[in-house]
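**Q** Letter by letter, the sequence shown follows residues 106 to 276 in the numbering used here.
Yeah, the Cβ is synthetic: ideal placement off N, Cα and C, and Gly gets one too.
Please find one structure pasted underneath; my questions will follow.
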Amino acid sequence: MTKFNYRAKNQQGSIKSGVVEAANRAGAVTLLKDRQLTPIEIKDAKSKSFIDKINDSLATISLKDKVVFARQLTAIINAGIPLLQALQLIEEQTANPKLKEAIHQIISDIQSGSTFAEALQVHTKVFSNLFISVVKSGEASGTLDESLGRLADQMEKDSEIQSKIKGAMVL
């Protein structure tokens, strides 16, 4: 039996991810369908080396990276470029490997029919519930660019407060 990582939609349209064991990829698809899940992506689960696992656990996405992401997305959408193209442009320019991987998966989910907010929900370790909620309301109201701009402003204020707190703790 081989382990497969998957991302799939449930009947409510939420994206789920996990691991299944099956003889082959077709068997994994069958297992997911039996669980009332529609497969979006199925990959062989490769075992990582100890060093890779350590590097993955140490790599983080800073608040600054998230602010830059929100600012870039706001600017590109304001320029009239569609969301999917905007995300692809940002993915190409992103240096942080964890953020780049998350953006890549978000693009894949959107191409598979998910909304931007639904695609973000898979990445709750990267994007806060506030971030996801703001995107969801921005999509619903047609003001995604404005919503992301306000969110970036708030995240910058949060970053400044964190810096001040860290500075005060050193004294």
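1. Which word fits L192, buried or exposed, when buried means at least 16 other C-beta atoms lie within 10 angstroms of its C-beta?
2. I need the straight-line Cα distance from A257 to A128, nearest angstrom please.
3. Compute the distance between the beta-carbons of I166 and L188, then report whether it is under 9 Å.
4. Look at the alpha carbon of Q259 and the alpha carbon of D170, and state the distance between them as a whole number of angstroms.
5. To the nearest angstrom, how far is the alpha carbon of K271 from that of N110?
6. What separation, rounded to the nearest whole angstrom, lies between the Cα atoms of V134 and T143?
7. For T107 and K148, I'd like the C-alpha separation in whole angstroms.
8. Using the Cβ count rule (16 or more neighbours within 10 Å means buried), how would you classify I266?
**A** To lay it out plainly:
1. buried
2. 46 Å
3. no
4. 14 Å
5. 39 Å
6. 8 Å
7. 10 Å
8. exposed
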